[in-house]
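Contents: one structure, followed by commentary.
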Amino acid sequence: MAERFEIVDAPIDPAGLLAAVGDPAAGASVLFLGTTRSENSGRRVTRLEYEAFAGMALREMRQLARQASRRWPLRRVAMVHRIGVVPVGEASVGIAVSAGHRGEAFDACHWLIDRLKEIVPIWKKEHYLGGTVWIGAQQGGPGDGLQAPRKRRAARSR
Amino acid sequence: MRVRLRFFASLRERLGPGEVRTVRPGTTAGSLWDSLVRSQPAVGAVCIRIAVNERYVDPEHELADGDEVAFFPPVSGG
Numbered sequence: 035m036a037e038r039f040e041i042v043d044a045p046i047d048p049a050g051l052l053a054a055v056g057d058p059a060a061g062a063s064v065l066f067l068g069t070t071r072s073e074n075s076g077r078r079v080t081r082l083e084y085e086a087f088a089g090m091a092l093r094e095m096r097q098l099a100r101q102a103s104r105r106w107p108l109r110r111v112a113m114v115h116r117i118g119v120v121p122v123g124e125a126s127v128g129i130a131v132s133a134g135h136r137g138e139a140f141d142a143c144h145w146l147i148d149r150l151k152e153i154v155p156i157w158k159k160e161h162y163l164g165g166t167v168w169i170g171a172q173q174g175g176p177g178d179g180l181q182a183p184r185k186r187r188a189a190r191s192r
Numbered sequence: 026m027r028v029r030l031r032f033f034a035s036l037r038e039r040l041g042p043g044e045v046r047t048v049r050p051g052t053t054a055g056s057l058w059d060s061l062v063r064s065q066p067a068v069g070a071v072c073i074r075i076a077v078n079e080r081y082v083d084p085e086h087e088l089a090d091g092d093e094v095a096f097f098p099p100v101s102g103g
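Chains G and A, in that order, are what the protein sequence lines are.
Read in this note's numbering, the first sequence has 149 at position 115, and its numbers run on one by one without any break.
Read in this note's numbering, the second sequence has 60 at position 35, and its numbers run on one by one without any break.
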């Protein structure tokens, strides 16, 4: 199974992801894009900022693709995650899967993004009107999570 | 023996990107974390995972000379 995995600090090109999973034996290609949403838990999000443990993140992404290809008969998998600032409306993650039929392509793509969010060592810091917060860390208990608000004004909406 | 510590995200903001530390033979990943929490109690509130040489390990994992030990707050990619 051909594969492509990347951590990038520039906008994700969806057409490039789809091209990476192109395969004459594929009857279906599924593309998932996760994009920065302007609202989260009632906060007005101005941008997200991602940090990765890049070497391990790529290793875990490859491992997930191997696991997916054991569960479903896939042709190709491509996974890319963007780090640094990701403005509202832009993609932070893209996953493309091709397979003989749509069922396994949809299922594998869904499973891959769910697992990526559970185990791949990447973190997002949400910048919202009034402060910043590391997403996920606040589940660890009191003392972590919401940090002191910043004085800086929010970035203009795009 | 010496191990390299690395911290990420909220832990990095509190502890810095990392450091080289001398530990006793037999030190486990979990006991190393416990010693960090004793010196920096504020970080103890975070639920963490530990990776040694870029692979997730259990707290009982015994460290070896030259290991890179990474401490993660809960991941939140995607």
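Positions of the beta carbon are idealized from the N, C-alpha and C atoms, including for glycine.
Leucine 150(G): contacting residues in chain A (beta-carbon distance under 7 Å)
Gly102, Gly103
What residues match up with histidine 161(G) in a beta bridge as DSSP calls it?
Arg81(G), Thr166(G)
Under a three-way DSSP split, which group does isoleucine 46(G) fall into?
coil
Going by DSSP, what residues sit across from glycine 194(G) in a beta bridge?
In the structure as shown, chain G starts at 35 and stops at 192, and residue 194(G) therefore has no counterpart that could be examined.
Start and end of the alpha helix (DSSP H) containing arginine 49(A)?
Run containing arginine 49(A): none; DSSP gives neither H nor E here.
For arginine 77(G) and chain A, any beta-carbon pair shorter than 7 Å?
no
May I have the straight-line CA-CA distance separating glutamate 85(A) from threonine 47(A), to the nearest angstrom?
18 Å
Which of helix, strand or coil does DSSP assign to methionine 108(A)?
Nothing about residue 108(A) can be reported from this structure: the residues present for chain A run from 26 to 103 only.
At a cut of 8 Å, does the segment 116-136 of chain G reach the segment 59-69 of chain A through at least three beta carbon pairs?
no
Are any of the Cβ atoms in chain A nearer than 7 Å to that of proline 183(G)?
Note that proline 183(G) scores a pLDDT of 37, beneath 50, so its modelled location is shaky; the value from the coordinates is reported in the next line. Proline 183(G) does not count as touching chain A.
Helix, strand or coil at valine 127(G) [DSSP, three-state]
strand
Comparing alpha-carbon positions, which option in Gly102(A), Phe97(A), Asp90(A) lies nearest leucine 40(A)?
Phe97(A)
Excluding the five sequence neighbours on either side, which residues of its own chain have a C-beta within less than 8 Å of the C-beta of proline 45(G), listed in chain order?
Arg116, Glu124, Ala125
Would you give the residue range spanned by the alpha helix (DSSP H) that leucine 57(A) belongs to?
54-64
Would you tell me roughly how many angstroms separate the C-alpha atoms of alanine 102(G) and valine 111(G), rounded to the nearest one?
9 Å
Using beta carbons (cut-off 7 Å, strictly below), is glutamate 79(A) in contact with chain G?
yes
Do serine 132(G) and serine 75(G) come within 7 Å of each other at the CB atom, strictly closer than that value?
no
Grab me the residues of arginine 136(G)'s own chain with a C-beta within less than 8 Å of its C-beta, minus the 5 sequence neighbours each way, in chain order.
Gly61, Ala62, Val64
Is valine 127(G) close to chain A? Criterion is C-beta to C-beta, closer than 7 Å.
yes
Residue closest to arginine 27(A), alpha-carbon to alpha-carbon, out of Thr52(A), Pro99(A), Ile75(A):
Thr52(A)
Which one or two residues does DSSP pair with phenylalanine 97(A) in a beta bridge?
Arg74(A)
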